[in-house]
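So the protein sequences, as listed, match chains A and B.
Just so we're aligned: the first sequence equals residues 3 to 163 in this note's numbering.
Just so we're aligned: the second sequence equals residues 3 to 163 in this note's numbering.
Ideal placement from N, C-alpha and C gives every residue a C-beta, glycine not left out.
Here is the structure we will look at.
There are 2 protein chains.
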Amino acid sequence: MRQTSFEGFHCSLARTLEAVGDWWSPLILRDVFAGVNRFDDLVEDLGISRNLLTSRLRGLVEHGVLQTRPYGPHPNRVEYVLTAAGSELVVVLMAMTAWGDRWRTPPGGPPMTFEHHGHRCRPEVTCAGCGQPVEAGQVQLRAGPGGRTAPGTRLIGTRLG
Amino acid sequence: MRQTSFEGFHCSLARTLEAVGDWWSPLILRDVFAGVNRFDDLVEDLGISRNLLTSRLRGLVEHGVLQTRPYGPHPNRVEYVLTAAGSELVVVLMAMTAWGDRWRTPPGGPPMTFEHHGHRCRPEVTCAGCGQPVEAGQVQLRAGPGGRTAPGTRLIGTRLG
């Protein structure tokens, strides 16, 4: 259940979570990415209730992460596909999946692997500037132009460089 | 509120969400990363209730993402710091933050920026094999050794290559 809206938080992580930050939404995006695009199939795959799925799909469409596309002869039958924003978000979820493969390995090993350009795709977060893998211990945080001392970021600005 | 456990899902994304997949946990990790390490400071920064924060911190410690460290003269006073797993997860959250900067830009621009090695750090997800940025449209999903037709992945295996 959503208790607090992060919409007004001056934090791009919070604003991302506002779009996809509940339990189910990232898994719905995973499924759509994997070709599970239709409502009944999502229900079957995830074991999510129809009401909850309806609500989450509506949110993902409203936030511009998914879009609907008609299929079959009935114009009001739709399936869900990724938008450009959704496609970029899925790539972040791939990096999150790689973290899970490493630190929360399921019995038997990775449940799913990725390929691209004919080889195993191993997602890691690098810096677009220097190409090096990002290491948290090497990173300094700085206040940006949109930073505010406001709900969700009441104190953090005072700790930034 | 947590309705369904993803613990038994044969999916590394689901298992990651089990560790950090509620509204608040990623923001708690953001704060700890930014040097907001103490309970009362987290309450003040986030505006989260003390009960909820207690519960989330306990979960993050149990899942090996945060650890406690005593501070000051009282041995039972602790602050929270990232584990090795938590540090790697924060890097994924940096990529998620970059997505938010781009697609959910707050008024005024990015609230926070990153620096490393003396220059702006721009997180992006690349392939450790070939060094190229990962693009969802180029990626094929494959069933891995730990894949199962089970709750949370009832159907998805049939859609993989």
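Min CB distance residue i to chain B below 7 Å
| i | result |
| --- | --- |
| aspartate 43 (chain A) | yes |
| serine 27 (chain A) | no |
| alanine 152 (chain A) | no |
| glutamine 142 (chain A) | yes |
| glutamate 46 (chain A) | yes |
| threonine 85 (chain A) | no |
| glycine 49 (chain A) | yes |
| leucine 31 (chain A) | no |
| valine 34 (chain A) | no |
| glycine 131 (chain A) | yes |
| serine 7 (chain A) | no |
| proline 40 (chain A) | One detail in the question is off: residue 40 (chain A) reads as arginine in this sequence, not proline. False, the Cβ-Cβ gap to chain B never drops below 7 Å. |
Spatial neighbours of residue i in its chain, beta-carbon cut-off 7 Å, leaving aside the 5 residues before and after
| i | result |
| --- | --- |
| proline 72 (chain B) | Arg79 and Val80 |
| aspartate 103 (chain B) | Pro112 |
| methionine 96 (chain B) | Phe116 and Pro125 |
| arginine 87 (chain B) | One detail in the question is off: residue 87 (chain B) reads as alanine in this sequence, not arginine. So the qualifying residues of the chain are Gly66 and Val67. |
Within 7 Å, strictly: CB atoms of residue i and residue j
| i | j | result |
| --- | --- | --- |
| glycine 149 (chain A) | histidine 121 (chain B) | no |
| alanine 138 (chain A) | serine 27 (chain B) | no |
| tryptophan 25 (chain B) | glycine 23 (chain A) | yes |
Close-in-space but distant-in-sequence residues of the same chain around residue i (CB under 6 Å, 5 per side omitted)
| i | result |
| --- | --- |
| threonine 155 (chain B) | His12 and Cys13 |
Residue i versus residue j: straight-line alpha-carbon distance, rounded
| i | j | result |
| --- | --- | --- |
| alanine 16 (chain B) | histidine 118 (chain A) | 23 Å |
| isoleucine 158 (chain A) | alanine 21 (chain A) | 22 Å |
| leucine 62 (chain B) | asparagine 53 (chain B) | 14 Å |
| valine 136 (chain A) | valine 92 (chain B) | 10 Å |
| phenylalanine 8 (chain A) | proline 75 (chain A) | 40 Å |
| arginine 124 (chain A) | proline 109 (chain A) | 20 Å |
| glycine 49 (chain A) | proline 153 (chain B) | 7 Å |
| isoleucine 30 (chain A) | proline 77 (chain B) | 44 Å |
| serine 51 (chain B) | glycine 133 (chain B) | 43 Å |
| arginine 106 (chain A) | arginine 60 (chain A) | 30 Å |
| arginine 40 (chain B) | leucine 55 (chain B) | 11 Å |
| arginine 4 (chain B) | glutamine 142 (chain A) | Confidence is the limiting factor: at arginine 4 (chain B) the pLDDT is only 49, short of 50, which leaves the residue's position unreliable and the question unanswerable from this model. |
| valine 94 (chain B) | alanine 36 (chain B) | 15 Å |
| threonine 99 (chain A) | aspartate 43 (chain A) | 22 Å |
| glutamine 140 (chain A) | cysteine 129 (chain A) | 12 Å |
| leucine 162 (chain A) | glycine 10 (chain A) | 20 Å |
| serine 57 (chain B) | glutamate 64 (chain A) | 31 Å |
7 Å Cβ cutoff, residue i in contact with chain A
| i | result |
| --- | --- |
| glutamate 64 (chain B) | no |
| threonine 160 (chain B) | no |
| arginine 156 (chain B) | yes |
| glycine 74 (chain B) | no |
| histidine 56 (chain B) | A quick correction: the sequence has threonine, not histidine, at residue 56 (chain B). Not one chain A Cβ lies under 7 Å of threonine 56 (chain B). |
| glutamate 81 (chain B) | no |
| glycine 61 (chain B) | no |
| proline 108 (chain B) | yes |
| histidine 121 (chain B) | yes |
| leucine 68 (chain B) | no |
| proline 147 (chain B) | yes |
| arginine 17 (chain B) | yes |
| arginine 124 (chain B) | yes |
| proline 112 (chain B) | yes |
Chain-order list of residues whose beta-carbon lies under 8 Å from that of residue i (same chain, five-residue window excluded)
| i | result |
| --- | --- |
| threonine 85 (chain A) | Gly66, Val67, Leu68 and Gln69 |
| aspartate 47 (chain B) | Asp33 and Val38 |
Expected contact under 8 Å - CB spacing of residue i and residue j to nearest Å
| i | j | result |
| --- | --- | --- |
| threonine 160 (chain B) | arginine 144 (chain A) | At roughly 47 Å, the Cβ-Cβ gap does not stay under 8 Å, so threonine 160 (chain B) and arginine 144 (chain A) are not in contact. |
| valine 34 (chain B) | valine 83 (chain B) | 7 Å |
| tryptophan 101 (chain A) | threonine 151 (chain B) | The Cβ separation is near 24 Å, so there is no contact. |
| valine 127 (chain B) | valine 127 (chain A) | 6 Å |
Contact with chain D by residue i, beta-carbon distance below 7 Å
| i | result |
| --- | --- |
| glycine 133 (chain B) | No chain D appears in this structure, whose protein chains are A and B. |
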